[in-house]
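According to the numbering used here, the sequence shown is numbered sequentially starting from 110. Positions of the beta carbon are idealized from the N, C-alpha and C atoms, including for glycine. The model shown is predicted, which means the values in this text are computed figures rather than measured ones. One structure is given below, encoded as structure tokens.
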Amino acid sequence: MPKEILRELVENFRISKLQRFFEEKTKFFAEAEEELTQYRNEQFSVFLKIGEIKLELEPVIIIAVKTKSNLSEHSSKKAQYEIAKKILKQEDKYPAGIFVFYDEAGSFRFSLIHTETFGTKLKFSNFRRFTYFVSPGQTNKTFLNRIGAESFDSLKDIKEAFSVQKVTKEFFDGYIALFNKIKTVLNSQNIADNKICHNFILNLLNRLMFLYFVQKKEWLGDNKKFLQYFWRLYKNEKNNNSFYKDWLQVLFLEAFNNKFLPKKYFSKELNDILQFAPYLNGGLFKKRDLDTYGFKINDNIFEEIFEFFDSYNFTIEENSEDDADLEIDPKLIGDVYESLVNTSEDDDEQSNRGIFYTDRTEINFMVKLSLADYFSNHLENKTSWVKYFFGNDEEKNEAVKEADKLKLWPEIKNKIENLSLADPACGSGSFLVGALEVLSKLYKISLEKLGEYKNDYEIKKHIISYCLYGVDVKEWAVHIAELRLWLQLIIDAELSESQRTLTPLLPNLTLKLRVGDSLVQELGGINLSLRSKHLGAEIPSAIKAKITNLKKEKIKYTNNDSTCKYKSENLLKQEELNIYNLIIEHKIKALQNKNVALENYAKQKTAKFNLFGEKTEDREITLFAKSSKDDIQKNKAQIEKLREIRKTLKDKKPFVWDIDFVEVFSDENENGFDVVIGNPPYVRQEKIADPQLTPKEINNENKREYKEKLFRAINFHFPFIKKIDKKSDLYIYFYFLGLALLNSRGTFCFVTSNSWLDVGYGKDLQEFLLKNVKIKGIFDNQVKRSFANADVNTVISLFSAPQHKKEKENLENIAKFVMFKKQFKHSINADNILKIENIKEIESYEDFRVYTIGQNNLLEEGMEYENEEQKKLNAGKYTGNKWGGKYLRAPDIYFRILEKGKGKLLNLGAMSSIIKRNNLENFKEWKIKTQHYNHNSNFFPFLHSLKDTESININIDNLKSFEKNKKNKKIEYIKPDIISNRFVGERIFFIEGGDFLINDSFFISKLKDGFNKKITTMSINSTLSLLSAEVIGRKTYATGVMYIYGPEFKKLLLINPNLVEKNKILNIYNNFTKRKINSIFTECGFDKNKPIREQEPKPLPDRKKLDDIIFDILGLTKEERKEVYWAVCELVKNRLDKAKSV
């Protein structure tokens, strides 16, 4: 029934129908008509409160507002939002309202606006708006489906009806179904392989989808529905399956490239329209190899394509986090790329390449965090910058007034105009679009304050042209990033027909957004950077002058300056190659001259005469001659390499930061980017390979070679780094090489897997950061993970630029580890960011906790010394530290335990003579029997998985087995004392070892003499040690599983067993170790479906007895004991809930 009323409302808007809809929609609707005349103004003539949805704690007011002028998708949006917020502030008992703005023509905007709470305060200047624009003249499918289908019986349900994610998913599902249908048709034609078919369809659909945005500007025959008109004209001509070849290709490849010639089979009207089509420069409408394959697409396919796209409303304006239209926005082009472009015939390359795209909330946070840091680095006054970037309207105004007072606007304008921000793995450009949005608003204010004027198009064009840089190994990604920036540019552009058709609208971004490998910049083993010790140090002034000139010409080309010397991208790239060749030629000559000098010097040095004038040679001279000869040979080999590179460069130059972005790196005083930001690919170490190879080309040999190149790249920029753990995942290399791109005052901000904080291969990065940068913040979120389509837990890191010569200063810096306790969107605000900025000690609030620690202390905690003498000489080795477990996830009680446990706590590694994975190292092969072990001397008992035991003490009769034979029956194996499962869910316990074999899913400990096995088993299974396990266990993957490997097993904390009264512990040993171990919630007496802290801990009786023995040794108070139970169960619950959070 409500859906039928909605249809009537769309066809003929009436207040009475709106009232009837709410009456039918929810039983909680209460009619209460009231005119709110006090809000009338020059834009709105009627304000009518229709009633409210009387929800007990969250009532929703419903107001209809008549506009004096006709509505469009974007007209009066700001004014409507402002008046709605004003009403909600004054009618303050309502946390939300449904506002229906309507006009005389029957169009209306149907908006849900609700307040946001920060901490314990409700701040009525912070709102979120979600809107459907409805008009009789357009499709309203999404509005009818979503509003018609969802319940309005709770505010949560109402928010679901206005969910951007639901609309996006519905579009994706339809898009993918359409995509796959076309793919089946094209594959059946046997014209090209699966991957080419895939890319062709993606290209076709993205071109069409892009035009659905462009036509909103009425730049194609003043028609917002040009594509419908175009398709209808074709069908009227009764052509036979020639739409793609004779019509669409003409539109794509001729009209949008300013190359259209009238066609006889087009009407005069259509010829005139295409003659004045906008000049859409950029990669999407450029003729490509994909356009030449000759695929046949019948008209029935296009019928389905247009039916699908026409069923959605498209908006050219990208939604913001706080104000979203329930329509298809430009970000969706990027989303489609992210979902589909990396799928190949054999596998899902998106997973293999580690391409997982960042949520808009995190993007917004990271962009603002980076820019606040950038401006405060250059202009100080951090408080004002935090207020501006993170504040509500009132706080932003305070920041603006502070800048007025300090007369900062000339400097602010200068810093924006000269800012360089790069994303080294830019994907579809989300971070670049986010930066553009934030910077353009600040730039506009600075211009207004200085009495200068630029329209929004000019403002955005300047920022895109001068400030933003991106690189991605995927060509598609770069094209999509370019197009998203273009759409951002034209949102508010008011351009004449001649401006649209004669001049390329988009800055030439092909030189700002590059395709290439961000990490490896070498050919033939030689790094091609201008900063290279091989190439850069000796560049003569004549070549430097050419580089300076190239910089000027690139800026002209980007801005379509007619005075540019180079009229095409290819000519500019050819000049880049020319400069490269000059550099290489110079280096070859320098090496040749060096060899001549070495040969001459060697002749002089080796000529030595005795008293009788006879030539002689001694050992020293012989060695010198050999050394000189070796140097000469090395130089000759280098010359040959350079000549080989020169040959290669005739055909293709690899991407090189210093040349491709010469304008950023040619300043001798301050070269490098001001901000490096991004989400590098997450690729596990065993899958790291040259990203420019296809999956079929990758093998173990070229994977090994690529890893060597990655290390050489790091060593090139940071020669003091002598090795990188080969188990490092790919993002580790991005950290090092991203930091190398910064100038000395630069800001670095990445979102990556959190694994480097806790795993062994993270130690190299940790040590580098501690000594070379200032760690300004590492941010985590305990309730929501960042990537919906990746089982990866992430952290956001904010660092200064590396300064190797300032190690002492860096070590004196106070690092901050910030754990947000609520979703970012509910906890990122100026109040909280300022608190974090000003915190000097460990502090905890409702929304977050900050752990502060000096970088020198972090370094010392990760050091290991072989003896006291080494410690005195500070000659130890950095072996890594559990930054994530200890400083982000660890609860406050953990640190109180450490304090009270001094001299009483040991880690298992200190108690063990052996800690290793399994005890099968001497067995080459075996076959597991399906039957259980039966004490037959011809069988080995075998612990295969945790499913084989529910208790701490194992009944070997329940174990699997494998048969002894001549080869294995005399094999010796370790009989472990303590066993740890590698994969931990809700049940956390450690198994007592014995005389049986153990599979690869477990780690084992053999205790040193002097430690009782039974007492140790009990101690390590106390809730205190389970808390330690939960703190230090790996949470890398967002599956809800905790991982305990050897390093974690070694660091497990437990009470020194020798402090425990033997009789007390053994009295409960039998019952405790032989019973089933339940989930941690059951063990501690909690209902996991209720808030943990709202419950009193009620541990199982034998667990309480064990814990009391341990707690008594530590001297924990009654409240501290409760904290242990609360803390361990909260950590487990957070781990499990976070896995389900997206």
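- A check of alpha carbon separations from E225 across K268, Y211 and G886 identifies K268 as the nearest.
- In the same chain as V1150, and ignoring 5 residues on each side of it, the C-beta atoms closer than 7 Å to its own belong to F1092, V1093 and G1094, in chain order.
- Taking the Cα positions, E1157 is about 28 Å away from L819.
- The secondary-structure analysis by DSSP pairs N890 across a beta bridge with F929.
- M475 has no beta-bridge partner at all, per DSSP.
- A433 carries a strand assignment under DSSP once its states are collapsed to helix, strand and coil.
- For the stretch 966-1036, the continuous beta strand (DSSP E) assignments of 3+ residues that do not extend past its boundaries occur at 1014-1016 and 1021-1026, in sequence order.
- Here D432 has R238 as same chain residues with Cβ atoms under 6 Å from its own Cβ, once five neighbours each way along the sequence are excluded.
- Cβ atoms of N744 and N809 stay farther apart than 8 Å, at about 33 Å.
- The secondary-structure analysis by DSSP pairs T861 across a beta bridge with V904.
- Residue environment analysis places H1044 among the exposed positions, since fewer than 16 neighbouring C-beta atoms fall within 10 angstroms of its C-beta.
- Counted as a single uninterrupted DSSP element, the alpha helix (DSSP H) harbouring I192 occupies residues K186 to Q199.
- The alpha-carbon of T1126 is positioned some 7 Å away from that of F1099.
- Per DSSP, K1076 is not a residue of any alpha helix (DSSP H), being assigned neither H nor E.
- Within the stretch 629-680, the complete alpha helix (DSSP H) segments of 4 residues or longer fall at 650-667, listed in chain order.
- Check the Cα spacing between E140 and each of E918, K750 and L157: the tightest is with L157.
- One alpha carbon belongs to I664, the other to S607, and they sit about 24 Å apart.
- Taking a 10 Å sphere around the C-beta of I1023, we find fewer than 16 other C-beta atoms and assign the residue as exposed.
- For S1134, the enclosing alpha helix (DSSP H) has its first and last residue at T1132 to I1141.
- Pairing K917 with L1215, the inter-Cα distance amounts to about 47 Å.
- The C-beta distance from I823 to L846 rounds to 7 Å, short enough to fall under 8 Å.
- Proximity of the stretch 1007-1017 to the stretch 966-978 falls short of the contact definition, fewer than three beta-carbon pairs being nearer than 8 Å.
- Excluding five sequence positions before and after E427, the CB atoms of its chain that fall closer than 6 Å to its own CB belong to D438, P439 and K440, given in chain order.
- Exclusion of the five residues before and after N1062 leaves E1101, T1182 and K1183 as the residues of its chain whose Cβ lies within less than 6 Å of its Cβ.
- A distance of 8 Å or more separates the beta carbons of L1245 and I1189.
- Its Cα nearest to that of M318, the residue S420 stands out among D266, R341 and S420.
- For a cut-off of 8 Å, the C-beta gap from S1070 to P1050 is around 6 Å, short enough to register as a contact.
- Burial state of I1037 is exposed, judged by a 10 Å Cβ sphere holding fewer than 16 other Cβ atoms.
- In chain order, I652, K655, I656, L659 and I768 place their CB closer than 8 Å to the CB of I688, counting only its own chain and leaving out the 5 sequence neighbours on each side.
- For A531, the beta-bridge partners assigned by DSSP are Y578 and V785.
- Short of 6 Å from the beta carbon of V476, and not among the five residues preceding or following it, lie these beta carbons of its own chain, in chain order: G543, A544 and V547.
- The beta strand (DSSP E) runs lying completely inside the stretch 1144-1231 and spanning 3 residues or more are 1162-1164, given in chain order.
- In the three-state scheme derived from DSSP, where H, G and I count as helix and E and B as strand, P371 is classed as coil.
- Assigned with DSSP and collapsed to three states, F764 falls in coil, not helix or strand.
- Under the Cβ criterion (8 Å, minimum of three pairs), the stretch 858-866 counts as touching the stretch 903-918.
- Remark: fewer than three beta-carbon pairs, one from each stretch, lie closer than 8 Å, so the stretch 553-563 and the stretch 583-590 are not flagged as touching.
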